[in-house]
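Numbering (the numbering used here), first residue to last: 221 to 403. Everything on this sheet refers to the single structure shown next.
Have a look at this one:
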């Protein structure tokens, strides 16, 4: 309800930032997740809202402080689509110099395309996890090392949405499986 630029002390909780300073979610929508740290940060669920915002606490749950940005995600958003969006952003930002980032992120994009169009299999979840971990561990720079964070955190905390996309070919938020106009 109150978007803007704020400066808060280390240790303040995500709940305090989202609901007290930020005023909660517009239109009384239900909280689903918060992306912390910018496009290569991490997506955290409601049960982590009382997590203090500091380097160590965020790292322990798979996120980073990053740029310090916080994006609140409500129930009308799809976590698979969210992770896909931030992966696409990181692909655009990648210099392409190192193979883990360049080829790894391309493979992640390919898997997301299958998941969001109904051509994926359950094994792809494991491939996505392994590829994300490989990109994180083998990339040369900070972008490559953090680019998989939204993928890995959504798999960790919102795996049910991935399973639903693959097994039921449905997206509870209605964001995926849409055909392009004219097809």
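Beta carbons are placed, not taken as given, at the ideal position from N, Cα and C, and that holds for glycine. Just so we're clear, the structure is a prediction, and the values are computed from it rather than from any experiment.
State the Cα-Cα distance for the pair residue i and residue j, rounded to the nearest angstrom.
i           : j           : result
residue 372 : residue 261 : 10 Å
residue 270 : residue 355 : 29 Å
residue 233 : residue 324 : 33 Å
residue 224 : residue 266 : 21 Å
residue 227 : residue 302 : 26 Å
residue 391 : residue 298 : 7 Å
residue 238 : residue 289 : 12 Å
residue 279 : residue 247 : 32 Å
residue 364 : residue 345 : 20 Å
residue 342 : residue 352 : 16 Å
Buried or exposed for residue i, going by 16 or more other Cβ atoms inside 10 Å?
i           : result
residue 401 : With a pLDDT of 47 at residue 401, under the threshold of 50, the modelled position of that residue is not reliable, and the figure given next carries that caveat. Burial call: exposed.
residue 369 : buried
residue 348 : buried
residue 381 : buried
residue 273 : buried
residue 275 : exposed
residue 263 : buried
residue 360 : exposed
residue 241 : exposed
residue 397 : exposed
residue 315 : exposed
residue 374 : buried
residue 339 : exposed
Three-state secondary structure (DSSP) at residue i?
i           : result
residue 291 : strand
residue 430 : This structure leaves residue 430 out entirely; the chain is present only between 221 and 403.
residue 255 : strand
residue 390 : coil
residue 268 : helix
residue 403 : Caution is warranted here: a pLDDT of 43 is assigned to residue 403, below 50, making its placement in the model unreliable, and the coordinate value is therefore given only provisionally. Coil at residue 403, not helix or strand.
So, under 8 Å CB-CB, residue i and residue j are touching, yes? Tell me the CB distance rounded to an integer number of Å.
i           : j           : result
residue 335 : residue 386 : 6 Å
TODO: With a floor of 4 residues, list each alpha helix (DSSP H) that falls wholly inside the stretch 306-374, ordered by position along the chain.
DONE: 319-337, 343-358 and 362-366
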